[in-house]
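S.K.: Okay, so the sequence shown: first residue is 522 according to the numbering used here, each after it adds one.
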Amino acid sequence: MNPQDTIAALATPVGNGGIAVIRVSGREAIRVADICVRLAGARYSSLITVPERTALLAQVIRNKVSIDEVLVTVFRGPRSFTAEDTVEIACHGGGLVTRLVLETVLANGARPAVPGEFTLRAYLNGRMDLTQAEAVADLIHARTERALLTARLQMSGSLSVRINSLRDGLLSVLAHIEAHIDFPDEDIQPDTVVALLARLKKALKEVEELLRTADEGRILKEGVRVAIIGPPNAGKSSLLNQLLGQDRAIVSPIAGTTRDTIEELSTIRGTSVVFVDTAGLRSSEDILELEGIRRSREAADAADLILHVLDGSIQTGIYDAALLEEFAGRTRILVINKADLPVVIRWEGGVEVSCRTGLGLEALKETINRVIWSAIPTSADAGVAINSRHRQVLERASAALGQTATGLSAGLTLELVAFELRVALGAIGEVVGGTSTDDLLDSIFSQFCLGK
Ligand SMILES: Nc1nc2c(ncn2[C@@H]2O[C@H](COP(=O)(O)OP(=O)(O)OP(=O)(O)O)[C@@H](O)[C@H]2O)c(=O)[nH]1
Ligand SMILES: [Mg+2]
């Protein structure tokens, strides 16, 4: 991927629509687009001289024939998304017409962009750092307002600011240590060591605080995992269907109806939730059912929250008591179902619902939302929630910072201390991309849509 090339792609979804936008970026972008279009009116003769950021009416000419009437906007670098010269052609949104406009641009000197290449260029040209580029994709894929807000703030640098100040602080610690390496005759003063240790600990605390937002980040992106478990016939599948508002799982009076786990994504009070319906838990001889039960436990283990469903119209047996005990340590809501019938179970904090009449379901959703957000640590700083990549590198940074502090207080040679600190700084730098590799960039930007 030569960064000198002029690239082009359809920036709107494939298929028919009102309009479609074709984006051209690179040092030849304006010249390439200028060959493709004829501006309406006599005011401007060429795109080279038109005012920037102004939509102008034009025709796209292909083999001397006008194929569409379009609006062309010129952005001169660095005042563009990629920081390069960019032209956006808004044409009619038909499948054929957009293809022909794109072909015309490609025939006149641009090459097709690969997914994420526009954002990659924005990053390479210093227009944004890696956390901001990642936030562009998060914003596009956001399913809830909360996820969108976090992406929006990260796009404007909420995470970058924290990472950069962390890095600046550690760089000055490193400078201090290195100064002592350069002058080995001067012993490092004990109170200097104490001061440096205090700064390392503060940095470590900040890294740990960022790491605590990883769950929130995952939840914003992928949704909270909520496993619906309980004995057979309690109404787990009925509850799944109610929560989804759709007839997703088979419901029947036969105990052991659900065998496999069923996953479905939904939104509860603005939070993405992945509900997992599971096979009823009981002792069984049937190997299929046993496999289902194994999967139920697996789903429960992987869940952020467990909805433990009981049939409220029948007394709990010994096995139920054991199950209640088994998941007692987990973030759990006890759902007492079948409240349309006489309820014989009372449980402190349990939520009574009826999947038959819909009674109590709104209250249950409220409880789910409250429990989720009280169980998940969120950053004090709104809009900061790290992703799994940030988590990996920050875990490395945390380990290296720990080593640095231990080394310093144990009186290890300053060379070794400085070495560990440089490892930590390298990892922290990777978050914003100061020390990124091609593979890393590939793996991040290939997840983008074409044209972004
Ligand atoms: N009266 C009443 N019956 C219900 C209610 N919810 C579910 N049922 C009935 O209870 C039976 C079992 O419901 P399911 O949703 O299949 O139960 P399950 O927990 O998924 O059962 P398994 O998949 O076998 O583990 C069905 O006959 C439902 O119609 C309720 O709120 N009130
Ligand atoms: Mg079921």
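We put the CB at the ideal spot given by N, CA and C, even for glycine.
Remember, it's a predicted structure, so these values are computed and weren't measured experimentally.
1) May I ask which residues mark the beginning and end of the alpha helix (DSSP H) holding I827?
2) Take A696 as the anchor and find which of F940, A532 and A579 has the nearest alpha-carbon.
3) Does the segment 699 to 717 come close enough to the segment 757 to 773 that 3 or more CB-CB pairs lie under 8 Å?
4) DSSP on E847, reduced to helix/strand/coil?
5) If the criterion is Cβ atoms closer than 8 Å, does the pair K973 and T652 meet it?
6) When the Cβ atoms of the segment 886 to 893 are set against those of the segment 925 to 934, are three or more pairs found closer than 8 Å?
7) For the beta strand (DSSP E) holding A529, just list the boundary residues, first then last.
8) Please give the ranges of any alpha helix (DSSP H) in the segment 908 to 964, keeping only runs that are unbroken, at least 4 residues long and fully inside the region.
9) Does DSSP put G614 in a helix, a strand or coil?
10) Can you tell me whether DSSP reads T878 as helix, strand or coil?
11) When every heavy atom of ligand 2 is checked, does at least one fall within less than 7 Å of the C-beta of K859?
12) Is N754 near ligand 1, in the sense that its beta carbon is under 7 Å from a heavy atom of that ligand?
13) So V593 and I610 are supposed to be a Cβ contact under 8 Å. How far apart are they, rounded?
14) Go through the segment 671 to 723 residue by residue and report every complete run of the alpha helix (DSSP H) that reaches 4 residues or more, in order.
15) What number of angstroms, rounded off, separates the C-alpha of L670 from the C-alpha of Q580?
16) At what residues does the alpha helix (DSSP H) containing S758 begin and finish?
17) Quick one: residues in its chain with C-beta nearer than 6 Å to the C-beta of A735, no 5 flanking neighbours on either side, listed in chain order?
18) Would DSSP call T792 helix, strand or coil?
19) In angstroms with no decimal places, state the Cα-to-Cα distance between L855 and T779.
20) Have a look at G490 and L885 and give me their C-alpha separation to the nearest angstrom.
21) Under a three-way DSSP split, which group does F966 fall into?
22) Any heavy atom of ligand 1 within a distance shorter than 7 Å of the CB on P774?
23) Within the present structure, is the beta-carbon of T778 separated from the nearest heavy atom of ligand 1 by less than 7 Å?
24) To the nearest angstrom, how far is the alpha carbon of L660 from that of S875?
25) State the start and end residues of the unbroken alpha helix (DSSP H) segment that holds R552.
26) Taking Cβ positions only, does L761 come closer than 8 Å to chain B?
27) Between the segment 853 to 867 and the segment 794 to 806, can you find at least three pairs of beta-carbon atoms closer than 8 Å?
28) In whole angstroms, what separates the C-alpha of H613 from that of R548?
29) From A921 to G751, what does the alpha carbon distance come to, in whole angstroms?
30) Do you know how far the Cα of G947 is from the Cα of R867?
31) Check whether the segment 545 to 561 touches the segment 527 to 537, taking contact to mean three or more Cβ pairs, one atom from each stretch, closer than 8 Å.
32) Are the segment 556 to 565 and the segment 618 to 631 touching by the rule of at least three beta carbon pairs closer than 8 Å?
33) For H829, which residues from the same chain have a beta carbon less than 8 Å from its beta carbon, with the 5 sequence-adjacent residues on both sides left out?
34) What do you get for Y840, buried or exposed, if any count of 16 or more other CB atoms within 10 angstroms of its CB means buried?
M.R.: So, from the data block:
1) In the sequence shown, the residue the question calls residue 827 occupies position 306. Looking at the DSSP string, I827 is not in any alpha helix (DSSP H); the run it does join, the beta strand (DSSP E), is L826 to D832.
2) Along the sequence shown, one-based indexing puts residue 696 at 175. That would be F940, whose Cα lies nearest to the Cα of A696.
3) Taking 8 Å as the limit for Cβ pairs, the verdict is that the segment 699 to 717 does not touch the segment 757 to 773.
4) By one-based count along the sequence shown, residue 847 stands at place 326. Looking at E847 - three-state DSSP - the assignment turns out to be helix.
5) One-based indexing of the sequence shown puts residue 973 at position 452. One-based indexing of the sequence shown puts residue 652 at position 131. No, the pair does not count as a contact, with Cβ atoms beyond the cut-off.
6) Under the 8 Å Cβ criterion, the segment 886 to 893 does not count as touching the segment 925 to 934, having fewer than three qualifying pairs.
7) Within the sequence shown, the letter at position 8 stands for residue 529. Going by DSSP, A529 is part of the beta strand (DSSP E) stretching over I528 to L531.
8) The segment 908 to 964 contains these whole alpha helix (DSSP H) runs: 909 to 930 and 935 to 953.
9) Against the sequence shown, residue 614 aligns to sequence position 93. In the structure shown, G614 sits in a strand (DSSP, three-state: E or B).
10) The residue given as residue 878 occupies position 357 in the sequence shown. Note: T878 maps to coil in three-state DSSP.
11) One-based indexing of the sequence shown puts residue 859 at position 338. K859: no, Cβ never under 7 Å from ligand 2.
12) Here the question's residue 754 lines up with position 233 in the sequence shown. Checking every heavy atom of ligand 1 against the Cβ of N754, one is found closer than 7 Å.
13) Start at 1 with the first residue of the sequence shown, and residue 593 comes out as number 72. Start at 1 with the first residue of the sequence shown, and residue 610 comes out as number 89. Separation of the CB atoms of V593 and I610 is rounded to 5 Å, and the pair is thereby assigned contact status at 8 Å.
14) With a minimum length of 4 residues, the continuous alpha helix (DSSP H) runs that stay inside the segment 671 to 723 are 679 to 703.
15) As a first step, residue 670 must be located in the sequence shown, where it is residue number 149. As a first step, residue 580 must be located in the sequence shown, where it is residue number 59. Rounded to the nearest angstrom, the two C-alpha atoms are 38 Å apart.
16) Along the sequence shown, one-based indexing puts residue 758 at 237. Counting along the chain, S758 sits inside the alpha helix (DSSP H) bounded by residues K757 to L765.
17) Sequence index remark: in the sequence shown, residue 735 carries index 214 (1-based). Contacts found: I907 and R912.
18) Mapped onto the sequence shown, residue 792 falls at position 271. Residue state, collapsed to three classes: strand.
19) Position 334 of the sequence shown, counted from the start, is the residue given in the question as residue 855. Position 258 of the sequence shown, counted from the start, is the residue given in the question as residue 779. When rounded, the separation of the alpha-carbon atoms in L855 and T779 is 20 Å.
20) Any question about residue 490 goes unanswered here, given that the chain covers just 522 to 973.
21) The sequence position of residue 966 within the sequence shown is 445, counting from 1. F966 sits in a helix when the DSSP states are folded into three classes.
22) Here residue 774 refers to the residue found at position 253 of the sequence shown. Checking every heavy atom of ligand 1 against the Cβ of P774, one is found closer than 7 Å.
23) Start at 1 with the first residue of the sequence shown, and residue 778 comes out as number 257. Answer for T778: yes, Cβ within range of ligand 1.
24) Along the sequence shown, one-based indexing puts residue 660 at 139. Along the sequence shown, one-based indexing puts residue 875 at 354. Using only the alpha carbons, I get a separation of about 37 Å.
25) Taking the sequence shown and counting its residues from 1, one reaches residue 552 at position 31. Looking at the DSSP string, the run of the alpha helix (DSSP H) that includes R552 is A550 to C557.
26) Considering every chain present, this structure includes no chain B. It has just one protein chain.
27) No, the segment 794 to 806 is not in contact with the segment 853 to 867.
28) Indexing the sequence shown from 1 puts residue 613 at position 92. Indexing the sequence shown from 1 puts residue 548 at position 27. Rounded to whole angstroms, H613 to R548 spans 26 Å at the Cα level.
29) Taking the first residue of the sequence shown as 1, we reach residue 921 at position 400. Taking the first residue of the sequence shown as 1, we reach residue 751 at position 230. Rounded to the nearest angstrom, the two C-alpha atoms are 44 Å apart.
30) Counting from one through the sequence shown, the residue named residue 867 turns up at place 346. Counting from one through the sequence shown, the residue named residue 947 turns up at place 426. Going by the C-alpha atoms only, they are around 56 Å apart.
31) Under the Cβ criterion (8 Å, minimum of three pairs), the segment 545 to 561 counts as touching the segment 527 to 537.
32) By the Cβ criterion, the segment 556 to 565 is in contact with the segment 618 to 631, since at least three pairs of Cβ atoms, one from each stretch, lie closer than 8 Å.
33) The residue labelled residue 829 in the question sits at position 308 within the sequence shown. Cβ neighbours of H829 within its own chain (closer than 8 Å, five residues either side excluded): I750, G751, L844, L845, F848, R853, I854, L855 and V856.
34) As a first step, residue 840 is located in the sequence shown; it is residue number 319 there, counting from the start. Answer is exposed; the Cβ neighbour count stays below 16.
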